[in-house]
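Colleague: Submitted below is the structure of interest, expressed as structure tokens.
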Amino acid sequence: MAKDSCDGCGRRVTVTGGIANLWTFGDGSDGTAMTLEFTDGTEHLLCYPCIEALPDEPTDEDVERLEQVDSETSQLGVR
Ligand SMILES: [Zn+2]
Numbered sequence: 001m002a003k004d005s006c007d008g009c010g011r012r013v014t015v016t017g018g019i020a021n022l023w024t025f026g027d028g029s030d031g032t033a034m035t036l037e038f039t040d041g042t043e044h045l046l047c048y049p050c051i052e053a054l055p056d057e058p059t060d061e062d063v064e065r066l067e068q069v070d071s072e073t074s075q076l077g078v079r
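Note that UniProt numbering numbers the sequence shown so that position 4 is 4, with each residue one more than the last.
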């Protein structure tokens, strides 16, 4: 629990040790996140909506794109 914000959108998140199914979305303050190891060897703490929005083989560029998307809409992966 060293980090408590999503690498993608920057929201505060709660890290769990296993598969995350719980995500409280709407107040923008709390959520569930997991640390993903990307195919390029980097690791990122990402909230559930960001994980859903990433492609099958995410990269650092995809994480940075999440941050841009979130500045335009609060619902990642939903149009
Ligand atoms: Zn996020």
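Ideal placement from N, C-alpha and C gives every residue a C-beta, glycine not left out.
Keep in mind the model is a prediction, meaning the values are calculated, not measured.
#1: Look up Cys47 in the DSSP assignment and give the residues it is bridged to.
#2: Any idea if Pro49 is buried or exposed, counting beta-carbon neighbours within 10 angstroms, 16 or more meaning buried?
#3: Under the three-state reduction of DSSP, which class applies to Trp23: helix, strand or coil?
#4: Cβ-heavy atom distance between Pro58 and ligand 1 below 7 angstroms?
#5: Per DSSP, Arg65 is paired with what?
Modeller: So, from the data block:
#1: Ala33
#2: buried
#3: Legend: pLDDT at Trp23 = 49, less than 50; position of this residue unreliable, value from coordinates given subsequently. In the structure shown, Trp23 sits in coil (DSSP, three-state: anything other than H, G, I, E or B).
#4: no
#5: According to DSSP, which records beta bridges pairwise, Arg65 is partnered with nothing at all.
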